[in-house]
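In my numbering, the protein residues as written are 295 to 502.
Take a look at the structure set out below.
The structure is reproduced here in structure tokens:
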């Protein structure tokens, strides 16, 4: 199997190349890595499968961006080729502020890890803002680094924006861009769809 990896972030490509370099030579020879945007990338040939992992499709912030990406993916698929991607099913209770963390409140996420270089503990805090009209989520993360005495010695900030998509909205997007939904799962072991869970899509490219 030959694999082509695409990412819009140069540091991510660098990291992927470092990981690929540690693989056996017969595996490295089947991996190509390119920098590019899913809306506009242009690669030679066509593919039997294109996979958009880790909810990356939600970083497309407009309907135009979403259509451009799907149409470009369609152009790069063989007739009958598959698109696989995943994102979460929007939880209306959370979005409306009726459950979970109130919008805009800074809370501990429960995630923490030890920096292997310093031995210091890193603790994650986050706040989330829901923009219902625009179907957008803004998340702000704060990472506090604590030394062995529990003192904060460093603090990092990171912002994340996503545009959430509803199930039947995405079905219409796929149909508009030349795809037929072949399967929809609610878990990686092909479990059923449940409200507020994961949506794992398999769509087939139709060519006239």
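Yeah, the Cβ is synthetic: ideal placement off N, Cα and C, and Gly gets one too.
(request) Using the DSSP secondary-structure output, state which residues sit across from residue 433 in a beta bridge. (result) Residue numbering aside, residue 433 sits at position 139 when the chain shown is read from its first letter. For residue 433, which the question treats as bridged, DSSP gives the partners 422, 454.
(message) Do residue 464 and residue 368 have their beta-carbon atoms positioned less than 8 Å apart in this structure?
(response) Residue numbering aside, residue 368 sits at position 74 when the chain shown is read from its first letter. Residue numbering aside, residue 464 sits at position 170 when the chain shown is read from its first letter. No, the Cβ-Cβ distance between residue 368 and residue 464 is not below 8 Å.
(request) Measure the C-alpha to C-alpha separation of residue 343 and residue 493 and round it to an integer number of angstroms. (result) Numbered from its first residue, the chain shown carries residue 343 at position 49. Numbered from its first residue, the chain shown carries residue 493 at position 199. Take the alpha-carbon of residue 343 and the one of residue 493: they are about 18 Å apart.
(message) Please classify residue 392 as buried or exposed, where buried requires at least 16 other C-beta atoms within 10 Å of its C-beta.
(response) Position 98 of the chain shown holds residue 392. With a pLDDT of 46 at residue 392, under the threshold of 50, the modelled position of this residue cannot be trusted; read the value that follows with caution. Residue 392 comes out exposed.
(request) State the Cα-Cα distance for the pair residue 468 and residue 321, rounded to the nearest angstrom. (result) In the chain shown, residue 468 corresponds to position 174, counting from 1. In the chain shown, residue 321 corresponds to position 27, counting from 1. If you take the alpha carbons of residue 468 and residue 321, they lie about 33 Å apart.
(message) Report the CB separation of residue 373 from residue 501 in whole angstroms; it is logged as a contact under 8 Å.
(response) Within the chain shown, numbered from 1, the residue matching residue 373 stands at position 79. Within the chain shown, numbered from 1, the residue matching residue 501 stands at position 207. Going by Cβ atoms, the distance from residue 373 to residue 501 rounds to 4 Å, so yes, they are a contact pair.
(request) Alpha carbon to alpha carbon, how far is residue 347 from residue 329? Give it in angstroms, no decimals. (result) Against the chain shown, residue 329 aligns to sequence position 35. Against the chain shown, residue 347 aligns to sequence position 53. Distance between residue 329 and residue 347, taken at the CA atoms: about 16 Å.
(message) If we require 3 or more residues per run, which beta strand (DSSP E) segments fall completely within the segment 463-490?
(response) Segments of the beta strand (DSSP E) lying fully in the segment 463-490: 473-479.
(request) Note the first and the last residue of the continuous beta strand (DSSP E) segment covering residue 375. (result) Residue mapping note: residue 375 aligns to position 81 of the chain shown, counting from 1. 371-382 is the span of the beta strand (DSSP E), which, as asked, contains residue 375.
(message) Can you look up residue 362 in the DSSP assignment and give me helix, strand or coil?
(response) What you label residue 362 is simply residue 68 of the chain shown in a count that begins at 1. Residue 362 carries a helical assignment under DSSP once its states are collapsed to helix, strand and coil.
(request) With DSSP as the reference, label residue 299 as helix, strand or coil. (result) The residue you call residue 299 lines up with position 5 of the chain shown. The answer is strand: DSSP assigns residue 299 an E or B state.
(request) Quick one: grab the DSSP three-state call for residue 460. (result) Stepping through the chain shown from its first residue, residue 460 is reached at position 166. For residue 460, the three-state secondary structure derived from DSSP is coil.
(request) Output yes or no for whether 8 Å exceeds the beta carbon distance between residue 488 and residue 478. (result) Taking the chain shown and counting its residues from 1, one reaches residue 488 at position 194. Taking the chain shown and counting its residues from 1, one reaches residue 478 at position 184. One thing to note: residue 488 has its Cβ no nearer than 8 Å to the Cβ of residue 478.
(request) Evaluate residue 248 with the Cβ neighbour count: other Cβ atoms within 10 Å of its Cβ, from every protein chain shown; 16 or more gives buried, anything less gives exposed. (result) Limits of the chain in this structure are 295 at one end and 502 at the other, which puts residue 248 out of reach.
(request) Please report how far the alpha carbon of residue 304 lies from the alpha carbon of residue 453, in whole angstroms. (result) Taking the chain shown and counting its residues from 1, one reaches residue 304 at position 10. Taking the chain shown and counting its residues from 1, one reaches residue 453 at position 159. Counting only the Cα atoms, residue 453 lies some 18 Å from residue 304.
(request) Please check the pair residue 436 and residue 451, which I expect to be a contact at CB under 8 Å, by giving their CB distance rounded to whole angstroms. (result) Here residue 436 corresponds to residue number 142 of the chain shown, with the count starting at 1. Here residue 451 corresponds to residue number 157 of the chain shown, with the count starting at 1. Contact flag correct, Cβ pair sits at about 6 Å.
(request) To the nearest angstrom, report how far apart residue 412 and residue 358 are at their CA atoms. (result) The residue given as residue 412 occupies position 118 in the chain shown. The residue given as residue 358 occupies position 64 in the chain shown. Rounded to the nearest whole angstrom, the C-alpha separation of residue 412 and residue 358 is 45 Å.
(request) Could you check how far apart the C-beta atoms of residue 341 and residue 375 are, in whole angstroms? I think they sit under 8 Å. (result) To locate residue 341, count along the chain shown from 1; it is residue 47. To locate residue 375, count along the chain shown from 1; it is residue 81. The C-beta separation of residue 341 from residue 375 comes to about 6 Å, placing the pair in contact by the 8 Å criterion.
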